[in-house]
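Engineer: Chains as they are written, first to last, in the working numbering: chain A, 50 to 390; chain B, 23 to 261; chain C, 665 to 759; chain D, 17 to 572.
Ideal Cβ placement from N, Cα and C applies to all residues, glycine included.
Right, I'll just put the structure down here and ask away after.
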Amino acid sequence: MQTSWVPFVPPSASTLSDKVDALYFYLSGVTIFFTLLISGVLIFFVIKYRRRTPYEIPRPVAGSHKLETLWSVIPFVIAMTMFAWGAQIYFQQSKAPKNAVEVYVVGKQWMWKIQHTTGQREINELHVPAGRNVKLIMTTEDVIHDFFIPAFRIKADVVPGRYTNLWFKATKPGRYHLFCAEYCGMNHSGMIGSVVVMEPTEFDDWLSGNASQQSPAAAGQQLYQTLGCVSCHGGAGEGGRGPALSGVFGRGVFLTNGQTVLADEAYIRESIVNPQAKLVAGFGPIMPTFQGQVSEEQLVHLLAFIKSLQIQTQPPVAARPAAPPATSTGSPAPAPESTRR
Amino acid sequence: MAETVEHLGVGHEASHPALQHHFENMEQQREAGNIGMWVFLVTEIMFFGGMFLAYTLYRSKFPMAFASASNHLSLPMGAVNTVVLILSSFTMALAVYSAQIGKRRNQVVCLILTIVLGLTFLGIKAVEYHEKYVDHLIPGQLIPGHPFKPDKVHLLGDAAKENVEMFYWIYFAMTGMHAVHMIIGVGLLSVILFFAARGRYDPEYHSPVEISGLYWHFVDIVWIFLFPLLYLLGRHFEH
Amino acid sequence: MSEHIVSVKIYITIFLALMAGTALTVWAGLQDFPGPLNVVIALTIAVIKATLVVLYFMHVRYSARLIWVILASALFWMGILFALTFSDYWTRDWL
Amino acid sequence: MREFEKAMETFVPPPPSRINYLNAQYGLKSWLLTKDHKRIALLYLGAISFFFFIGGLYAMFIRLELLTPQADLLQSTTYNKVFTQHGIIMVFFFLIPSIPATLGNFLIPMMIGAKDLAFPRINLLSWYIYMLGGLVTIYALLAGGIDTGWTFYTPFSTTFSNSYVIAAGLGIFINGFSSILTGLNFIVTIHTMRAPGMTWFRLPLFIWAHYATSLIMILGTPVIAITVLLLAFERLAHVGIFDPAVGGDPVLFQHLFWFYSHPAVYIMVLPGMGVISELIANFSRKNIFGYGFVAFSSLAIAVFGFLVWGHHLFVASQSVYAGMIFSFLSFAVAIPSAIKVFNWTATLYKASISYDTPMLYALGFIGLFTIGGMTGLFLAALATDVHLSDTYFVVAHFHYIMVGGTLLAYLGGLHYWWPKMSGRMYPEGWGRFSALVVFIGFNLTFLPQFILGYMGMPRRYHVYPDEFQVLHVLSSAGASILGVGLLIPLVYLIWSMRYGKVAEGNPWHLPGLEWRTQSPPITENFDFTPVVTWEAYEFAPPEETEVVGKFAEERV
């Protein structure tokens, strides 16, 4: 798997990994330089000023503010370059581009369950196209795990009760390690898998070749019916006794307490498992909690469904499995899986 | 130069019987005890600090749930307990004062009053805890087979039941820890009372009374914060 | 002994002030002040009461500077704990 | 150069009496009820060595298992318990008390010219609390072990683990009070018990380092105490503030945990730095270069150490902006450490450097601590930390600080003060040999782990992809050398207690106060309360001070 010519560096296969490597080489250079400098001076002194007779006493040497200032300021300046460089890349790592393909990841002792927006499910394996931005929306059913792809130089904890994100743009097709990096119990070291980066065309074939499953949005819509959400929020999310859901994702929502909250993944999730936490203005606390009744995966499906309700004019297509959400044509936030068909 | 001199300050022969062998004089011994207690109180502040942090975080996250749960606590009992505890701090201060000026009788009386007030506080606390037990407001399985049921709590606005339970856990954790400190304090003061009654403390040596007093006042201060935070914030939502 | 002895009169004054503070905080707690003012008032009164206890009942007003430093450091570290933890919670939604 | 005898004559301690603290009283009771800080230090020494041995045994199993990529020696459940218990024992029962409770306890009163610590009974109590905490923890190990990792992350520890989390948490909770009481005792002692003339700026740097350590102990430990207590209740009674199922936040646990546990790293390494300052100055017969800077950098580390805990949470879903604040502060804490390293190195300039065993450990410390500290920068920098956190890079980094730093300083200090503690000399040849073996073994163990980490090997894995095996085998080979290197001193130090050469009062001919009394000292340390009229590390009179080059004179 070693593709790089530099020894002891894992394969570098994303747009970010080369940037991280550059910083790493800089840090390594500084470390090696200072280690050699200090041990060199140390060894030199130890030999030059070794005790020659058992009775000698050297003259005391006066301290020096100049020197102290010098060797405080120089390391500080160097440290600040490292800080700024590291922070700048980190910011890029944290902020996913708007047009990224979304993939849902649910961690569970001890496996990774992955589902593409088109419905393909994978376990401990993630297929992604090279050259396209991919955003993982991740959570866990039990303990904290950590999604770690060394070749992309990224990792992020998946935290129960929350959604965390990772994004990357793979550059080189190939098969790379996927590890769980946060200790999660007995079979922690078995919670591994691979990330398969494919050429975009191959990836599209792969997607359609496996397209026998229901998309998360469609599955979410079924749940939406069976759980009875439909009776208050309306068949197309147009609202009723409960607030309207269509078009809500990514917008600000006014709450009863006068505040506004962004309807992101976390808010939608909270509103399902703990509906009273942030009530939409104008609605009473009548919704029952779904805590314990829907699994994390089902929550992801509901989330995908609500996200798909972006156009208010057209009700989503219900029954046909494997169909991309029909609503997404012309959507302002393009859902890439459908635009590509 | 390795000069040495004989004992500085008061020689051991002429010193107070309560002077420990490794101290040079009473002043040093008193200072050490005093600083020691203050340093200990720093650790206590940090100890409660962790819980205050959790309280602050979750109160800001679930204000209505916390208000609803808080309103179900008994304000009269909380307020009376505040008065009792401040009164006990006052008698404690007087006990130290009596030791300083060497009035043994007053000192003993004040110590007894302090202990009685401390026990009163704990008694009222026990009544409160029992009320919560009867109302099924003991969170989780702290009492096995007696699950939490917040039916008696009037839920305000968008309060969620889980978060009401969390308030009660924080309430029991904080007041429970406070009560443990009270019990330790009462034990400490009982020992002090025993020695005070035997006339051990005089104007020159009363460091144990003083530092027990510091501890007692600290426990009082914790309550001064707990009372408004747990009992009062959120009352106004009822109107 | 370099100990300062506080007079009974001061103790009584402080005690009465604490009682007044308690009454005030209960009264204020039952009023509906705008915005976060309820919290601010309750905490302000609590801080004043605690300060009185520390300064007079615990004799800090008459104590060596070291005691002040010890006390200040405890509050400072509490501040660190709160400030840096909330630096996380307050800015989580910013991105 | 001055005449040696003339300069040294003032350093000669009084003629030894036959009575010392070791033989002043006999019998088990005289040890178990002792209030003498020196005897309590030895009680700690025994207990800590015991825990170190257990922790080392676990380390051995870890390295053996990692020889192959498969699980052959240990199955996953066992392996998880082994590394957890290695961490818990080593961190809470060896590293944190190691230098303060033994060397600190023994030397602080002597170095400042006091008869004992301020609160001798509390000192004894803290040993008993330590033993109680240790027993509860050992109960947890024997009853079935604990598998949460020493970090106890929720909700795994509260809900999902099937092991003895509560017992282990209780052991750590109890042990915390031992740490608090030790710190409290040190602070009060250093404030109130200094001999006449022993001003703050005449204190040996060992004392400054312990003062800073004690600050962390009293300010940080209570927070971990309440945190593990809440954790235990959460597990016991299903009440929760860390549990997401009841609206709690598992990340709050990580904040509270690391608020203590990051500064705890400085509890481990600051006393080590204090020891190294002593060794460097004394074995090169020089005043320490920039005394004031070294002293205050200890305090700076103690304070800054509390501001950086969030760098353990860069990938734990902490806010990006908090991450940047913590990253910035983490870089800031590197500066005082760098100042120390530079000053130690500068102290050696124009010195008279001996190659005695303690000095070899000190030189090793500087090298390893430099590597350990510099690799910390990789983890303070946000982007590289995202890749490196929870990998072997982290494991290697903190072992460089804790083993390369703390353990080496502990061993160096133990050798240095061994004649004072036991009244006997250790065998010098064996000492130098084992110092060399430890240094080589250590580097062979942990250097490959840096590489493993960047290659992507996650920590706490016992089954791993084949390509990592070569480096793991190297590391295990190094560990066996390290193990041997650590066994040698264990054997010869015990041997020397009976058969070693009888030590003079001041075998190294040094000016420090602890060397101006007999070895081993009497119970009250000094015949008379000493009056201090000299600066720390004053080998030659200050008038002879030399100004090097264009650097202006300055005497701090």
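What residues from chain B crowd round F740/C, counting only those whose CB sits closer than 7 angstroms?
Structural biologist: Position 76 of the third sequence, counted from the start, is the residue given in the question as residue 740/C. None at all; the shortest Cβ gap to chain B is about 10 angstroms.
Engineer: Near A367/A, which residues of its chain fall below 7 angstroms by C-beta distance, leaving aside the five closest residues on each side in sequence?
Structural biologist: Working through the first sequence from its first residue, we reach residue 367/A at position 318. Low local confidence applies: a pLDDT of 40 at A367/A is under 50, so the model's placement there is unreliable, with the coordinate-based value given in what follows. Q270.
Engineer: Residues in its own chain within less than 7 angstroms of R369/A by CB, not counting five upstream and five downstream?
Structural biologist: Taking the first sequence and counting its residues from 1, one reaches residue 369/A at position 320. Residue confidence is low: R369/A scores 39 on pLDDT, short of 50, so the model does not pin down where it sits. Its coordinate-derived value is still stated next. No residues qualify anywhere along the chain.
Engineer: CB-CB under 6 angstroms to A40/D, same chain, minus the five flanking residues each way: which ones, in chain order?
Structural biologist: For the purposes of this step, residue 40/D is taken as residue 24 along the fourth sequence, with counting starting at 1. Correct list, in chain order: T539.
Engineer: Determine, for D180/B, whether the minimum Cβ-Cβ distance to residues of chain A falls below 7 angstroms.
Structural biologist: Start at 1 with the first residue of the second sequence, and residue 180/B comes out as number 158. Closer than 7 angstroms to some Cβ of chain A, the Cβ of D180/B qualifies, so yes.
Engineer: Flag this pair as yes or no: are the beta carbons of M418/D and M284/D separated by less than 7 angstroms?
Structural biologist: Here residue 418/D is taken as the residue at index 402 of the fourth sequence, counted from 1. Here residue 284/D is taken as the residue at index 268 of the fourth sequence, counted from 1. In contact: M418/D and M284/D (Cβ atoms closer than 7 angstroms).
Engineer: Distance cutoff 7 angstroms, beta carbons only. Does T686/C sit that close to anything in chain D?
Structural biologist: As a working mapping, residue 686/C is identified with position 22 in the third sequence. Chain D, which has no Cβ nearer than 7 angstroms to the Cβ of T686/C, makes this no.
Engineer: Within the 7 angstroms Cβ cut-off, does M86/B reach chain D?
Structural biologist: Looking up residue 86/B in the second sequence gives position 64. Chain D contact via Cβ: absent.
Engineer: At a CB distance below 8 angstroms, what residues from the stretch 206 to 218 of chain D approach chain C? Give them in sequence order.
Structural biologist: Hits within the stretch, in order: H207.
Engineer: Can you give the beta carbon distance from H44/B to K131/D, rounded, assuming they're within the 8 angstroms contact cut?
Structural biologist: Position 22 of the second sequence holds residue 44/B. Position 115 of the fourth sequence holds residue 131/D. Yes, they are in contact, since the Cβ atoms of H44/B and K131/D sit about 4 angstroms apart, within 8 angstroms.
Engineer: From L424/D to L61/D, what does the alpha carbon distance come to, in whole angstroms?
Structural biologist: Along the fourth sequence, read from residue 1 onward, the residue named residue 424/D stands at position 408. Along the fourth sequence, read from residue 1 onward, the residue named residue 61/D stands at position 45. Cα to Cα, L424/D sits roughly 16 angstroms from L61/D.
Engineer: Given that I57/B touches chain D, what residues does it touch there, using C-beta distances under 8 angstroms?
Structural biologist: Within the second sequence, numbered from 1, the residue matching residue 57/B stands at position 35. Near I57/B (Cβ distances below 8 angstroms), the residues of chain D are I203, V204, H207 and T208.
Engineer: Would you identify the three-state DSSP class for W216/A, choosing helix, strand or coil?
Structural biologist: Position 167 of the first sequence holds residue 216/A. Three-state result, W216/A: strand.
Engineer: Can a CB atom of chain B be found closer than 7 angstroms to the CB of Y196/D?
Structural biologist: In the fourth sequence, residue 196/D corresponds to position 180, counting from 1. Correcting the residue type first, residue 196/D is Ile in the shown sequence and not Tyr. For I196/D, the answer is yes, since a Cβ of chain B falls inside 7 angstroms of its Cβ.
Engineer: Measure the alpha-carbon distance for L59/D versus Y144/D and round it to whole angstroms.
Structural biologist: Counting from 1 along the fourth sequence, the entry for residue 59/D is found at position 43. Counting from 1 along the fourth sequence, the entry for residue 144/D is found at position 128. Between L59/D and Y144/D, the C-alpha separation is close to 10 angstroms.
Engineer: Run down chain E in chain order and give the residues with a C-beta less than 7 angstroms from the C-beta of D242/B.
Structural biologist: Of the protein chains in this structure, namely A, B, C and D, none is chain E.
Engineer: Along chain B, in chain order, which residues have C-beta atoms closer than 7 angstroms to that of D132/D?
Structural biologist: Taking the fourth sequence and counting its residues from 1, the one referred to as residue 132/D is at position 116. Going along chain B in sequence order, the residues near D132/D (Cβ under 7 angstroms) are H44.
Engineer: Which of the three DSSP states is assigned to P546/D in this structure?
Structural biologist: Numbered from its first residue, the fourth sequence carries residue 546/D at position 530. Residue state, collapsed to three classes: strand.
Engineer: Can you pull the chain A neighbours of E562/D, defined as C-beta to C-beta under 8 angstroms?
Structural biologist: For this step, residue 562/D is matched to residue 546 along the fourth sequence. Simply R108, P109, V110 and A111.
Engineer: From I709/C to G685/C, what distance separates their C-alpha atoms?
Structural biologist: Here residue 709/C corresponds to residue number 45 of the third sequence, with the count starting at 1. Here residue 685/C corresponds to residue number 21 of the third sequence, with the count starting at 1. In a straight line, the C-alpha of I709/C is about 6 angstroms away from that of G685/C.
Engineer: Taking any Cβ of chain B, which residues in the stretch 229 to 240 of chain D have a Cβ under 8 angstroms from it, in chain order?
Structural biologist: I234, L235, G236, T237, P238 and V239
Engineer: Is it a yes or a no for the stretch 396 to 405 of chain D touching the stretch 197 to 209 of chain A, going by three-plus beta-carbon pairs under 8 angstroms?
Structural biologist: These segments touch.
Engineer: Using Cβ-Cβ distances below 9 angstroms, what residues of the stretch 115 to 142 of chain D are close to chain B?
Structural biologist: P125, A130, K131, D132, L133, A134, F135, P136 and I138
Engineer: For V410/D, which of helix, strand or coil comes out of DSSP?
Structural biologist: As a working note, residue 410/D is residue 394 in the fourth sequence. In the structure shown, the three-state DSSP call for V410/D is helix.
Engineer: Compute the beta-carbon to beta-carbon distance between F222/D and T243/D, rounded to the nearest angstrom, for a pair I have assumed lies under 8 angstroms.
Structural biologist: Mapped onto the fourth sequence, residue 222/D falls at position 206. Mapped onto the fourth sequence, residue 243/D falls at position 227. Rounded, the Cβ-Cβ distance is 31 angstroms, inconsistent with contact.
Engineer: From I241/A to L272/D, what distance separates their C-alpha atoms?
Structural biologist: Numbered from 1 along the first sequence, position 192 holds the residue referred to as residue 241/A. Numbered from 1 along the fourth sequence, position 256 holds the residue referred to as residue 272/D. One C-alpha to the other measures close to 30 angstroms.
Engineer: Distance, Cα to Cα, L175/A vs A353/A?
Structural biologist: Here residue 175/A corresponds to residue number 126 of the first sequence, with the count starting at 1. Here residue 353/A corresponds to residue number 304 of the first sequence, with the count starting at 1. If I take the Cα positions, the gap works out to 19 angstroms.
Engineer: At a cut of 8 angstroms, does the stretch 246 to 254 of chain D reach the stretch 147 to 159 of chain B through at least three beta carbon pairs?
Structural biologist: no
Engineer: Since V324/D and S346/D are thought to touch, with beta carbons under 8 angstroms apart, how far apart are those beta carbons, to the nearest angstrom?
Structural biologist: Working through the fourth sequence from its first residue, we reach residue 324/D at position 308. Working through the fourth sequence from its first residue, we reach residue 346/D at position 330. Indeed, because the Cβ distance is near 4 angstroms, the residues count as touching under 8 angstroms.
Engineer: Given a limit of 9 angstroms on CB to CB distance, which residues of the stretch 315 to 327 of chain A reach chain B?
Structural biologist: N323, P324, Q325, A326 and K327
Engineer: Consult DSSP for V563/D and reduce its assignment to one of helix, strand or coil.
Structural biologist: What you label residue 563/D is simply residue 547 of the fourth sequence in a count that begins at 1. Of the three classes helix, strand and coil, the one that applies to V563/D here is coil, per DSSP.
Engineer: In chain order, what residues of the same chain lie with their CB nearer than 7 angstroms to the CB of I497/D, ignoring the 5 residues before and after it?
Structural biologist: Within the fourth sequence, numbered from 1, the residue matching residue 497/D stands at position 481. Cβ neighbours of I497/D beyond the five flanking positions: V453, I456, G457 and L460.
Engineer: The alpha helix (DSSP H) that contains L376/D, what's its start and end?
Structural biologist: Here residue 376/D corresponds to residue number 360 of the fourth sequence, with the count starting at 1. Element bounds for L376/D: T373 to A396.
Engineer: Quick one: what does DSSP say K302/D is sitting in, helix, strand or coil?
Structural biologist: Mapped onto the fourth sequence, residue 302/D falls at position 286. Assigned with DSSP and collapsed to three states, K302/D falls in coil, not helix or strand.
Engineer: Check each candidate in A40/B, P85/B and W245/B and name the one with the smallest Cα separation from G198/B.
Structural biologist: Residue 198/B sits at position 176 when you count from the first residue of the second sequence. That would be W245/B, whose Cα lies nearest to the Cα of G198/B.
Engineer: Would R170/A pass as a contact of V150/A if the rule is Cβ separation under 7 angstroms?
Structural biologist: In the first sequence, residue 170/A corresponds to position 121, counting from 1. In the first sequence, residue 150/A corresponds to position 101, counting from 1. No, Cβ-Cβ distance for R170/A and V150/A is not below 7 angstroms.
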